[in-house]
Amino acid sequence: MLTFVGVYFLFIYLASLGVLQIAASYANLNGLSFFKRLKWGYIFGALLIVGGFCWFYIVGNPHPEFGYAFTVSDLFRYGWSNPMPPDIGLVMGEGESVIFFVLAVGFALLTTIAISSIVKFRLSPRIPEEMKEEAPEGLEALREMTFFQAITRSLRNGKGKE
679 MLTFVGVYFL FIYLASLGVL QIAASYANLN GLSFFKRLKW GYIFGALLIV
729 GGFCWFYIVG NPHPEFGYAF TVSDLFRYGW SNPMPPDIGL VMGEGESVIF
779 FVLAVGFALL TTIAISSIVK FRLSPRIPEE MKEEAPEGLE ALREMTFFQA
829 ITRSLRNGKG KE
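Under the working numbering, the first residue of the sequence shown carries the number 679, and numbering increases by one thereafter.
Okay, here's the thing in structure tokens:
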């Protein structure tokens, strides 16, 4: 069984991955989405978010006997720690929570970039010379190409040497 830190990390990771897929579908960033159709991005993202929450609060609860013993009045009376056995806290310290939250979101972003670049490897970027217009930069470039294709194009054109 995972420790509470691992359970929390996995929960934030899954929820962040879902949010990134929904955001990529909403903004029509084909280079970050795992799917060709927008609706699959919405469905997959929603499933990840709901699945992460359900798993964290139902399956991943390290102390199910105390899962529903904590009420709002207990929060005001005892603070964030569970008064039942003194060694079981409901929430980690603030610093630990923030560190694992940022790490999980970072890993979700790296996973999104890697998986979308592998899945959409054959996504052909528009060549601006053929289209007689300037190539999009920043997040706009991810509408037509993957992250690694955009980085490669930027380095090839010398814009990465500034």
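No residue lacks a Cβ here, since even glycine has one placed at the ideal position from N, Cα and C.
Coarse secondary structure for phenylalanine 713, derived from DSSP in three states:
Position 35 of the sequence shown, counting from 1, holds the residue named residue 713. Three-state result, phenylalanine 713: coil.
Does the Cβ of alanine 782 have 16 or more other Cβ atoms within 10 Å, making it buried, or fewer, making it exposed?
Position 104 of the sequence shown, counted from the first residue, corresponds to residue 782. Answer is buried; the Cβ neighbour count reaches 16.
Hey, out of Leu695, Val776, Val683, Glu818, whose CA is closest to isoleucine 793's CA?
On the sequence shown, position 115 is the one that residue 793 refers to. If we check each option's Cα against that of isoleucine 793, Leu695 comes out closest.
From this set, Leu692, Tyr686, Lys714, which residue's C-alpha is nearest glutamate 822's C-alpha?
In the sequence shown, counting from the first residue as 1, residue 822 sits at position 144. Among Leu692, Tyr686, Lys714, the Cα nearest to that of glutamate 822 is on Lys714.
Taking only the alpha-carbon atoms, compute the straight-line gap between leucine 716 and glycine 723 and give it to the nearest angstrom.
As a first step, residue 716 is located in the sequence shown; it is residue number 38 there, counting from the start. As a first step, residue 723 is located in the sequence shown; it is residue number 45 there, counting from the start. Their Cα atoms are separated by approximately 11 Å.
Phenylalanine 799, DSSP secondary structure in three states
Residue 799 sits at position 121 when you count from the first residue of the sequence shown. Coil.
Range covered by the alpha helix (DSSP H) that runs through threonine 824:
Walking along the sequence shown from the start, residue 824 turns up at place 146. Neither: threonine 824 is in no alpha helix (DSSP H) and is coded neither H nor E.
Alpha carbon to alpha carbon, how far is isoleucine 690 from tryptophan 733? Give it in angstroms, no decimals.
The residue given as residue 733 occupies position 55 in the sequence shown. The residue given as residue 690 occupies position 12 in the sequence shown. Computed Cα separation, rounded: 11 Å.
What's the call for asparagine 835, buried or exposed, on a 16-neighbour Cβ count within 10 Å?
Position 157 of the sequence shown, counting from 1, holds the residue named residue 835. Exposed.
Roughly how many whole angstroms lie between the Cα atoms of glycine 784 and isoleucine 777?
For the purposes of this step, residue 784 is taken as the residue at position 106 of the sequence shown. For the purposes of this step, residue 777 is taken as the residue at position 99 of the sequence shown. If I take the Cα positions, the gap works out to 11 Å.
Rounded separation between proline 806 and leucine 820 - CA only:
For the purposes of this step, residue 806 is taken as residue 128 along the sequence shown, with counting starting at 1. For the purposes of this step, residue 820 is taken as residue 142 along the sequence shown, with counting starting at 1. Note that proline 806 scores 49 on pLDDT, short of 50, meaning its location in the model is unreliable; the coordinates nonetheless yield the value given after this. The alpha-carbon atoms of proline 806 and leucine 820 are separated by roughly 14 Å.
Find out if the Cβ-Cβ distance for the pair isoleucine 700, tyrosine 686 is shorter than 7 Å.
Translated into the one-based positions of the sequence shown, residue 700 becomes position 22. Translated into the one-based positions of the sequence shown, residue 686 becomes position 8. Taking 7 Å as the Cβ cut-off, isoleucine 700 and tyrosine 686 do not qualify as a contacting pair.
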